[in-house]
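Student: Each step along the sequence shown adds one to the number in the UniProt record's numbering, with nothing skipped, and position 158 is 158. Don't be surprised by glycine CBs; every beta carbon is placed ideally from N, CA and C. Below you'll find the structure I mean.
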Amino acid sequence: DWIRIYQDPSKPEQKVGCSTPERPTRRYIEAHQENYMTENDEQPLKEVQNGGGECVVGFKPDGKHPAVRQNCGGKDRGTCTKKKTCACNEGWTGAYCLAKIGTNPVDWDPPTTLADVGFEAPDLESSTHLLVGFGVLFVGLVGVIWHRASNKNQEYTVIPNIATQGTLA
């Protein structure tokens, strides 16, 4: 079974995809996760499983048993591994390799970035000025501390060393 969808490229209101700008499905589901999860789910949107379905190594259809799942969709779609799980061939997906890998020519709903919430990193030129400013401030601070430390030593009187004055008696 398959569905053919025709899109007229000259009409921008015709879009292919699950999450278009007019109907942002992914973001809606993420905002209302509790409505799309069972108690055993960790997240509502899951990756499509690629292989891994249970199969029978060397299965030959006999007319009584459906061969599709036991032999991972057939020789063109996948193979049954020694671990008795399906491994999909290139271009096929799903636990039993029954679905053709689909693509969207346009990504209408790219992942959310920091720019989407209004954060913009400073430009390189202002960052350089800021770095130079902090450098000058640091050097100045070190200079002040060094100057104060050297002036404190001048306030004290040096006590002569007893060992250099002779013996006590």
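1. Is the beta carbon of Glu120 within less than 6 Å of some heavy atom of the ligand FMN?
2. What is the DSSP secondary structure of residue 173, counted as helix, strand or coil?
3. Would you decide whether Ala115 is buried or exposed? Buried here means 16 or more other CB atoms lie within 10 Å of its CB.
4. Between Lys15 and Trp108, which are expected to be in contact by the criterion C-beta below 8 Å, what is the C-beta distance as a whole number of angstroms?
5. Helix, strand or coil: which one does DSSP assign to Gly78?
6. I need the DSSP call for Lys152, collapsed to helix, strand or coil.
7. Along the chain, where does the beta strand (DSSP E) containing Ala31 start, and where does it finish?
8. So what does DSSP say about Gly94, is it helix, strand or coil?
9. Can the beta-carbon of Ala95 be found closer than 7 Å to that of Gln49?
10. Among all the DSSP beta bridges, which residues are the ones paired with Cys88?
11. What's the call for Asn161, buried or exposed, on a 16-neighbour Cβ count within 10 Å?
Tutor: Taking the definition as stated:
1. This structure does not include the ligand FMN; it has no bound ligands of any sort.
2. Because the chain in this structure spans residues 1 to 169, residue 173 falls outside the shown range and cannot be described.
3. On the sequence shown, position 115 is the one that residue 115 refers to. Burial call: exposed.
4. Taking the sequence shown and counting its residues from 1, the one referred to as residue 15 is at position 15. Taking the sequence shown and counting its residues from 1, the one referred to as residue 108 is at position 108. Confirmed, Cβ separation roughly 7 Å.
5. Counting from one through the sequence shown, the residue named residue 78 turns up at place 78. It is a strand residue.
6. As a working note, residue 152 is residue 152 in the sequence shown. Helix.
7. Taking the first residue of the sequence shown as position 1, residue 31 is located at position 31. Unbroken run through Ala31 is the alpha helix (DSSP H), 25 to 31; no beta strand (DSSP E).
8. The residue labelled residue 94 in the question sits at position 94 within the sequence shown. It is a strand residue.
9. By one-based count along the sequence shown, residue 95 stands at place 95. By one-based count along the sequence shown, residue 49 stands at place 49. Contact flag set, yes.
10. Counted from its first residue, the sequence shown places residue 88 at position 88. Answer is Gly78, bridged to Cys88.
11. Start at 1 with the first residue of the sequence shown, and residue 161 comes out as number 161. So Asn161 ends up on the exposed side.
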